[in-house]
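>
Protein chains: 2
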Amino acid sequence: MSQPVITPEPPYYAVIFTSIRTSDDNGYSKMADRMLQLASQQDGFLGVESAREEVGITVSYWRDLEAIRAWKQNAEHLQAQQLGRDQWYSTFTTRIARVEREYSL
Amino acid sequence: MSQPVITPEPPYYAVIFTSIRTSDDNGYSKMADRMLQLASQQDGFLGVESAREEVGITVSYWRDLEAIRAWKQNAEHLQAQQLGRDQWYSTFTTRIARVEREYSL
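Sequence order for the protein chains is A and B. Sequential numbering from 90 applies to the first sequence in the working numbering. Sequential numbering from 90 applies to the second sequence in the working numbering.
1. Assign S118 of chain B to one of three DSSP states: helix, strand, or coil.
2. Using a threshold of 9 Å, state whether the C-beta atoms of V104 of chain A and A186 of chain A are closer than that.
3. Step through the CB atoms of chain B and report whether any lies within less than 9 Å of the CB of P99 of chain A.
4. Which of helix, strand or coil does DSSP assign to R110 of chain B?
5. Since Y178 of chain A meets chain B, which of its residues come closer than 8 Å, beta carbon to beta carbon?
6. Output needed for H166 of chain A: all residues of its chain with C-beta closer than 7 Å, excluding positions within five of it in sequence on either side, in chain order.
7. Along the segment 114-144 of chain A, where does the CB come closer than 8 Å to a CB of chain B? Name the residues.
8. Measuring CB to CB, does V144 of chain B end up less than 9 Å from E189 of chain A?
9. Beta carbon of T182 of chain B, beta carbon of E191 of chain A: below 9 Å?
10. Judging by CA-CA distance, which residue of B:F106, B:L172, B:L194, B:S193 is the nearest neighbour of M120 of chain B?
11. Between which residues of its own chain and I157 of chain A is the CB-CB distance below 7 Å, once the five residues before and five after are set aside?
12. S179 of chain A: buried (16+ other C-beta within 10 angstroms of its C-beta) or exposed?
13. What do you get for S118 of chain B, buried or exposed, if any count of 16 or more other CB atoms within 10 angstroms of its CB means buried?
14. Is the Cβ-Cβ distance between E142 of chain A and A140 of chain B less than 9 Å?
15. Is D153 of chain B closer than 9 Å to G133 of chain B when the C-beta atoms are compared?
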């Protein structure tokens, strides 16, 4: 990853996850790959884009709030979220946003 | 840049700009710096986060749709948008999204 995502006509939802990593790399990359794989299998998942420099930005796209809720509560994802809070991120913000318009080149 | 942005209580708006750059660097970095400076002076601008790897992701935050519209129509920004389409980006997508919830570590 990460290639540009082709999304359907709005409305749909975006989860904007911005983070600063700790220096603790213990299992992070492997877990990130696994979460990407697992997310892409969820009902209502539309795609994900990700980049990191000083700040990491991951934007995942979802059909509706119900799909986001189900993913947030996924058992394996809950474990990853806990490890993220405890070990991998010094700070993060998750924003849930309804995409109302989009245009492309 | 780019440091994590502290945003107010939702609702507010996010502009999610994802792009692939061309190899043409002619003036790009200078213009990107200028647009960042100019955006931050706009009424209703709340902050911006940006990172680029394979894909570039810039998320800017705004008080409301009116502030986004005014920024989109800013004369200097219109010139930059034209150069972006003509020279700097091989592909991009702009998504306008209403942030409904946020939570942080």
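Note that the Cβ used here is the ideal one computed from N, Cα and C, for glycine as well.
In terms of the structure at hand:
1. Here S118 of chain B sits in helix by DSSP.
2. Annotated as proximal: V104 of chain A and A186 of chain A, with beta-carbon spacing under 9 Å.
3. Answer yes: the Cβ-Cβ gap between P99 of chain A and chain B drops below 9 Å somewhere.
4. Three-state result, R110 of chain B: strand.
5. Close to Y178 of chain A, with beta-carbon spacing below 8 Å, are these residues of chain B in chain order: L194.
6. Taking C-beta separations shorter than 7 Å and ignoring five residues to either side along the sequence, the partners of H166 of chain A in its chain run M124, L127, W160, following chain order.
7. Considering only beta carbons, the part of the segment 114-144 of chain A lying closer than 8 Å to chain B consists of E138, S139, A140, R141, E142, E143, V144, in chain order.
8. Contact: no.
9. Judged by beta-carbon spacing, E191 of chain A lies within the 9 Å limit of T182 of chain B, meaning their Cβ atoms are closer than that value.
10. Of the candidates B:F106, B:L172, B:L194, B:S193, the one whose C-alpha sits nearest the C-alpha of M120 of chain B is B:L172.
11. Closer than 7 Å at the Cβ level, and outside the excluded window around I157 of chain A, lie Y102, V104, W151, I185.
12. By the neighbour-count criterion, in which a residue is buried when 16 or more other Cβ atoms sit within 10 angstroms of its Cβ, S179 of chain A is exposed.
13. With fewer than 16 other Cβ atoms inside 10 Å of its own Cβ, S118 of chain B counts as exposed.
14. A contact, by the Cβ cut-off of 9 Å.
15. Contact: yes.
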